[in-house]
Structure formats: structure tokens, C-alpha cells
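In this note's numbering, the protein residues as written are 402 to 831. First up is the structure itself, then whatever we jot down about it.
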Ligand code: SAH
Ligand code: SF4
């Protein structure tokens, strides 16, 4: 079996891909890049700088998609901008709502590739699960996304575009009047405060770190996890550029402590992730022996457990106040014994890791080669880790009825093509 990894060049859309009508999409571009484009289009340096600042603010702070709405830009200049630029969003192919409030969107890139985004509301927070690639190169055996081939990396615009779209759908831009949502409108009326107070954590992660710091500000979308389709550290530059926009104080202004990036263990990129992005780290460990991890997370053949844990110990910014999350999917008779739990504790202690463990009940999908551990086994495993002084909550599966749970994101190309095949079969029979 070939060693997985980014051996073949991965197709990446260029940061600027003019639309069919020649206009350029500004979504995903930095303030500096917008300024350069305005200058190239003919504005003098001073004007370009001022307009870039204004446009950036309208884009990311106010969520505006029409230059005509940019009221502090001269009326005569707005058509000039509209002729040359657009403010895009990924196309929504389908939006689904789970009985537990989880929402899933099937999205499409301008060049026709489908990917997914999930929103998970909780009592005290709302987490958006963002995709970084269409498909994945890594083929983890328990992951549905891993059975898709990698189609391409998402661009910064397509990554930050997911956050923009979620805020559109949740009606969370300042001064925007949203349509009332089922289940009640949790937001406060009027403009939304934009500054996000610092606190660590992601969905079901780290509830004990944020005591006293967390206020939702009435907003639904409070946290972001890079846990959708794809391996974010194999699309490092685009993920970094997108998250920088999400964290920019003049724009979406989400604190880095509210963002978590999950990696299957791309060791060479972890230090840069801490230094250049600075978000919380989650690591998909899932096994504690070489044999089992080689089987279920094949990137382990390239970067082994010890090397991975050393990189975690060296992760910039990790501390007892900002612990690393170790994700551990519970697979029946594969990685769920008492001995596995004890070895997990031993390893985390050996590397002196400021760690918490997130136990994820395996979410099955058709044809999956594993089963989920029994609830009793998961409880026993969790207790053993807790008794050693390491927090090990069991994550509640969300959105299972709409296939929105961890590792079920695959619908994209494949389910569509199956539906298409069924339609074709039906019309052949007719
Ligand atoms: N590629 C990154 C991030 C996306 S996957 C990574 O692997 O970390 C997000 C999390 O869901 C990972 O911990 C992944 O291992 C887990 N996951 C994947 N498939 C799953 C499944 N079928 N059931 C439960 N968790 C799963
Ligand atoms: Fe890719 Fe993560 Fe799924 Fe592994 S678990 S195949 S790295 S998306």
C-alpha cells in the first residue's frame, strides 16, 4: 500500500479566478490584496488604501454582498466597483435541518465541486464545522470522507465563505433583520457586538476552561472547528489565510481561542500551525499502538505515534490553560480495551501533554468496516482515563438523521451521482 500523503500535486484554484463576466471575487482576499486590485484598476495609492479599508469592513464586518449598500463610499464609485468586482458566496445546493437543531449545507464551488458545512447549536454556544478540501487524500478507514478521492483544495474564499454563508443563514450581521427561526430567536435585538471574548474550546471541547469568560453576546455562531471534509494541514496556506480573515479585528473578529483545527497528524506542519495561525489544536489520535493506528489512520506509517506526540508537546501556545484535544473514535474490539485506555494515559503522561481526550462514538455509514463500541465499554474507557486525572468526555453524536455527524460528510459528489443514476435507471425503464 502506498504511503499516504501529499505526494502528487494537489489541484488548487488560483486565489483570483475571474468570473465568466471578467469580474473578480473579493471574498477571501486580504485587505492588502484588495488594495492592490483597486490600484491595478486605476485608483491612486491613497484612494486604493482608503477604499480597501472600507470595502473590507463592509465585507467581513457587515456581511454586505452588494457594493450599492456601502453607504460611506461615494455614490458614483459604487457602479465602478460593481463593474469590476463581486462579493461571492459558495452556492447552496441543499440545506437540511436535523431534529436536534443541527444544520447541514451541501455547497458548490464556482467550478462545480460539492462540499459540506455543518452548524451545531448548543445551549451556550454554536459551532460551525468547516471543510478545508473537497474529499481527502488520507483514507482513514473509519471515515466516510476518506473513501472519496481528493478533488481539490478549497481556496481561502471558499473556506471563509462558509463562515459568511452561515452568518447569512443565521441572520447574524449587525443591523440585519433576520427572519425568525424555528425554536425562537436567541439573539438580542439590534446591532450585534462583534468583539468575541477569549475562551478556549470547540464543540463539546473544553467546557471547563471557559468558566466566567464566556458570553455568547446573543450570537448563535460562536465557535469554528476545522473538522469538516479534508485535512486542513494539507491545505495549510489557504486555511491560514482564511482563518486570518476570520480572526481579523476589523472583520469577523472571532478569537483564536474559539477556533479549533483538527489534524490527523501532519507532523511537519504542526509547528507552523501554532506559530502562524495560533488556534487550538485537536489531534485525531484514535489508537495507541502502531499496528492499530497504521490500520485506521494510515498517515501513521509516515508520522508515528511518538513523533506525533512530541510535536504536540512542542505545539506553540499549548499549556494547561489551553490544552490539546485528542480525538479518539470508539471502535468495537479494535481500540477500546482497558489496556488501550491505560496505554493512552501512559503516553499522554510520558510526553507531559496538557491534554484532554474527546471520545467519539463511531458514526457508522453504509459499508463501514467497523462497529461502534458498546455504551458500557465507552463509559469504562472514559472512567479509566478520568481516574488518571485526564478529562475524557464522550461526545454526543449530533445530526445523525441528516448524516451530519463526524466522518459522515461525503454526500457531495457521490450521493448526488447515485441519485442521478437512479433517475437515469428510472427513465430507462419508462
Ligand atoms: N481531517 C481532519 C479533520 C476532519 S475529521 C482529521 O482527521 O482530524 C474530524 C474528526 O472526525 C476526526 O477526529 C475524525 O477522525 C473523526 N471521524 C471521522 N470519521 C468518523 C466516524 N465515522 N465516526 C466518528 N468520528 C469520525
Ligand atoms: Fe481525511 Fe480526517 Fe477523514 Fe482521515 S479522518 S480521511 S484525515 S477527513
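Here a beta-carbon is modelled for each residue, glycine too, at the ideal position from N, C-alpha and C.
| query | result |
| --- | --- |
| C-alpha distance - residue 839 paired with residue 437, whole-angstrom precision | Because the chain is modelled from 402 through 831, residue 839 falls outside the range shown and cannot be assessed. |
| Sufficient close CB pairs (3 or more, under 8 Å) joining the stretch 683 to 698 to the stretch 656 to 666 | yes |
| Rounded straight-line distance, which links the Cα of residue 719 to that of residue 747 | 19 Å |
| Cutoff 7 Å; reference residue 655; Cβ partners in own chain excluding five residues on either side | 597, 625, 647 and 648 |
| Inter-stretch contact at 8 Å, needing at least 3 Cβ pairs: the stretch 530 to 549 / the stretch 632 to 640 | yes |
| Environment of residue 774 [buried if 16+ CB atoms lie within 10 Å] | buried |
| Inter-stretch contact (C-beta, 8 Å, three-pair minimum) for the stretch 473 to 488 and the stretch 669 to 681 | no |
| Collapsed DSSP secondary structure at residue 754 in the structure displayed | coil |
| Stretch pair the stretch 738 to 746 + the stretch 700 to 718: three plus CB contacts closer than 8 Å | no |
| Residue 799 burial status per 10 Å Cβ neighbour count (16 or more: buried) | buried |
| Spatially closest choice to residue 548 from 722, 459, 538 and 689, by CA coordinates | 538 |
| First through last residue of the alpha helix (DSSP H) which encompasses residue 624 | Unbroken run through residue 624 is the beta strand (DSSP E), 624 to 627; no alpha helix (DSSP H). |
| Contained beta strand (DSSP E) runs [length at least 3] in the stretch 713 to 765, N- to C-terminal order | 725 to 731 and 756 to 762 |
| 4-residue-minimum alpha helix (DSSP H) runs that sit fully inside the stretch 456 to 498, ordered along the chain | 478 to 485 |
| Heavy atom of the ligand SF4 within 8 Å of residue 706 beta-carbon | no |
| C-alpha gap between residue 601 and residue 726, whole angstroms | The pLDDT assigned to residue 601 is 25, lower than 50, so where the model puts this residue is not dependable, and the model offers no usable value. |
| Rounded distance between the beta-carbons of residue 435 and residue 457, thought under 8 Å | 6 Å |
| Residue 551 versus residue 445 - alpha carbon distance | 42 Å |
| Span separating the alpha-carbon of residue 669 from that of residue 496 | 36 Å |
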